[in-house]
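With the sequence shown counted from 1, adding 6 to any position gets you my numbering.
Glycine included, every Cβ here is placed at the ideal spot set by N, Cα and C.
Bear in mind that the values here come from a model prediction, so they are computed numbers and not experimental data.
To keep things clear, I will list the structure first and then write my remarks on it.
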Amino acid sequence: VGIGYANKCLDVLPETGKAQAEMRFMRALNYYVLLDAFRNVPLEITQIHEEGYLPKQATAKDVFDFCVAELNAIKDELGTEKIHGYPTRFAANMVLAKLYLNANVYLGTNDNGNYDKALAEVEAIIKDGGYTLAANYSDNFKNDINTSPEVIFALPLDKTNASHNYLV
């Protein structure tokens, strides 16, 4: 659903700009979740199709490469201003770090260079992001975490209509 909504927005948004970068981030994040859970999934970048169109399954490598390329292409455009619920450069760095950290599992390879790439992404977050650990670990699980010093990216959920739905 998230990929379809992102694609629908991207089909009408200008080809550049922060809104476009945010939608590309959300699409890449959703593909990362699918890659992590299922590996080979359809890789769709538009909602505009001819009648009767059926998507084809892509390889884990195709999905991995797509996510890495998308996140690297947009991370500068996302910026560094921290607004709760909106992705920043640091959110893109974190998703890239997770992709690189798990690349050998996703791709069936044994490339230690991906660990260096993951470390570089995390170091960028630590050096430039200004994130720190919360004073109390349990503070990260309060109803309002928009001032948490360690939340890099959060998906705000409605307590009544979307509570406990962490894989939205």
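For residue i, three-class secondary structure by DSSP
i	result
Q63	strand
I151	coil
Q53	coil
A141	coil
V18	coil
V74	helix
Residues bridged to residue i (per DSSP)
i	result
P48	Q63
Residue i - containing alpha helix (DSSP H), residue span
i	result
I131	119 to 135
K88	Taken as a continuous stretch (DSSP letters only), K88 belongs to no alpha helix (DSSP H), as it is neither H nor E.
D111	What sits at residue 111 in the sequence shown is Val, not Asp. Unbroken alpha helix (DSSP H) run through V111: 95 to 113.
N116	Per DSSP, N116 belongs to no alpha helix (DSSP H) and is neither H nor E.
Cutoff 7 Å; reference residue i; Cβ partners in own chain excluding five residues on either side
i	result
K88	T94
Close-in-space but distant-in-sequence residues of the same chain around residue i (CB under 6 Å, 5 per side omitted)
i	result
A103	A124, E127, V128
8 Å Cβ shell around residue i - same chain, five flanking residues per side excluded
i	result
N110	N116, D117, N120
N146	A140, S154, E156, V157
K24	E83, L84, G85
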